[in-house]
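Working notes, structure below.
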Ligand code: WQD
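Numbering (the working numbering), first residue to last: 205 to 540.
Written out as C-alpha cells, the structure reads:
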C-alpha cells in the first residue's frame, strides 16, 4: 500500500486529519513549512495516535524538494491543506494568496502527475457559493460571486481540478467544501492557533471567555434570521477530519472521477446561539455588544449534507456542546 501525503499537516485541519488517518491505520507523510503552525503539533499528533510518520519541513511550492519527497516515498494519494486561509489578510496580500494557494497547488499537481500519483483531495470552502440564493446549499447550487482573494483561490482551484480531470480522466479527485470548522481534538493537544486577534467567531469567543479579549462584537442583529444575527453551519474539526478518511476510501474503491461534497452538519446556528451554547457548555461568561454588520458578511449559510451521507457514509456526529467544550479545553491547556 502506498503512502498518503498530507501537505500542511501541522495546521489546524491538516493535523486533525493526520490523526484520523493514522487512527485508521494509514501510512502518512507530512510536509509543512510552519508558516502558520508550530513543530510541537507533530509531537502531539504522535502522542495522540501512538504512531509515527515521516516529516519534511518544506514549502509545498518548492518543486525540487517536493520531488525529493516523491522520490523517497511511494505516494499514492495527496490531501492538500497547505493553503493560506485568512479572509481579511487575503484582501491585503492578494499576490501572496494567489501565489501560495494557486501556484503552490499547481506545483503539487504537476509533481503528482510526474510521479503517476493521481488521487487528490482538495480543501475547498462553502465560500465558493458566494451569497446563497437558497439554503440549505446543495453541491448543485450555483458557485461564484466570491468577495475576497481567499475565496477566489478556492473557486479557481476547483475550476483547475475540473479542467485537469477533463484533460485526463484517470485522475481521482475529491473536492470537499467545508462549512465553518470549530472545536479541537478532545485530548486538548491540538487545536486552532490563530495569530493575533482572531477574525472567526469561535476563536474570538474563546479568548473573551479566557479574559484575553474584553468582549465580543456581534456583527449586526438586523439580519433576516431568527434572532437577527448571522447564521452558519459550524462543524467539529474531528468530524471534518473523518470526512477526509471517508473521501479517501471512496477514491480508493471507486473508478476514477471527480466528486464534490459539502462537509457540514446541515444545521445553522446564529451568533447568539453560539454565545449561549458556549456559556452553558463551559460555565464561562462571554460579554458581548452588538455592532455594525461586517462588510462582506451574509445572513445565512448552511449545508445540505445528504450527498456525503449517501455516497461517503459520512455524517457529522459531534454536538454543539462538544464543539464549545473542545474549543475551550484546547485554549485552557495553552494558558496553563
Ligand atoms: C461567523 C459569524 C459573523 C466574528 C469565514 C470565511 C470562510 C471560512 C470560515 C476560512 C458571522 C459573526 C464573527 C466576530 C461576529 N474560511 N462574527 N463577531 O464569515 O462565516 O466564514 O471563515 O478559513 O470562507 O468566509 O466565519 O467565524 O468569521 O463568522 O459576530 O467577532 O459570526 O458576522 O455571522 P464566516 P466567521
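Ideal Cβ positions, reconstructed from N, Cα and C, are used throughout, including at glycine.
For my contact list, residue i and residue j are in at a C-beta cut-off of 8 Å; report their separation, rounded to the angstrom.
i: residue 325; j: residue 380; result: 7 Å
i: residue 235; j: residue 262; result: 5 Å
i: residue 450; j: residue 517; result: 6 Å
i: residue 265; j: residue 321; result: Residue 265 to residue 321, Cβ: 17 Å. No contact.
i: residue 483; j: residue 490; result: 6 Å
i: residue 472; j: residue 509; result: Contact doesn't hold; Cβ gap of about 12 Å is too wide.
i: residue 274; j: residue 319; result: 4 Å
Residue i and residue j: beta carbons closer than 8 Å?
i: residue 384; j: residue 436; result: yes
i: residue 232; j: residue 444; result: no
i: residue 414; j: residue 493; result: no
i: residue 207; j: residue 278; result: yes
i: residue 340; j: residue 470; result: yes
i: residue 465; j: residue 520; result: no
i: residue 390; j: residue 530; result: yes
i: residue 541; j: residue 306; result: The chain is shown from 205 up to 540; residue 541 falls before or after that span and cannot be answered.
i: residue 247; j: residue 315; result: no
i: residue 312; j: residue 433; result: no
i: residue 438; j: residue 354; result: no
i: residue 240; j: residue 215; result: yes
i: residue 376; j: residue 460; result: yes
i: residue 544; j: residue 423; result: It is not possible to answer for residue 544, since the shown part of the chain is limited to 205 through 540.
i: residue 580; j: residue 440; result: Lying outside 205 to 540, the shown extent of the chain, residue 580 is not represented and no answer is given.
i: residue 186; j: residue 412; result: No answer is possible for residue 186: the residues shown for the chain start at 205 and end at 540.
Of all the options the options, which has the alpha carbon lying nearest to the alpha carbon of residue i?
i: residue 213; options: 222, 270, 207, 206; result: 222
i: residue 378; options: 328, 505, 345, 489; result: 328
i: residue 477; options: 394, 286, 247, 406; result: 406
i: residue 289; options: 417, 274, 442, 330; result: 330
i: residue 485; options: 506, 409, 538; result: 409
i: residue 474; options: 446, 297, 430, 355; result: 430
i: residue 205; options: 522, 456, 539, 248; result: 456
i: residue 373; options: 317, 434, 452; result: 317
i: residue 323; options: 295, 338, 283; result: 283
i: residue 524; options: 448, 245, 480, 302; result: 480
i: residue 334; options: 376, 503, 533; result: 503
i: residue 293; options: 398, 419, 418, 488; result: 398
i: residue 506; options: 249, 209, 342; result: 342
i: residue 365; options: 535, 382, 310, 249; result: 310
i: residue 291; options: 250, 501, 532; result: 501
i: residue 382; options: 332, 533, 249; result: 332
i: residue 276; options: 260, 287, 286; result: 260
i: residue 534; options: 209, 230, 245; result: 245
i: residue 532; options: 426, 369, 416; result: 416
i: residue 285; options: 344, 250, 209, 249; result: 209
Quick one: is residue i buried, meaning 16 or more other Cβ sit within 10 Å of its Cβ, or exposed?
i: residue 359; result: buried
i: residue 428; result: exposed
i: residue 238; result: exposed
i: residue 403; result: exposed
i: residue 356; result: buried
i: residue 396; result: buried
i: residue 346; result: exposed
i: residue 296; result: exposed
i: residue 401; result: exposed
i: residue 447; result: buried
i: residue 348; result: exposed
i: residue 338; result: exposed
i: residue 219; result: buried
i: residue 242; result: exposed
i: residue 362; result: buried
i: residue 419; result: exposed
i: residue 487; result: exposed
i: residue 224; result: buried
i: residue 371; result: exposed
i: residue 198; result: Since the first residue of the chain shown is 205 and the last is 540, residue 198 is not available in this structure.
i: residue 539; result: exposed
i: residue 308; result: buried
i: residue 229; result: exposed
Quick one: is residue i near chain C, going by C-beta distance under 8 Å?
i: residue 216; result: Here there is only one protein chain, and chain C is not present.
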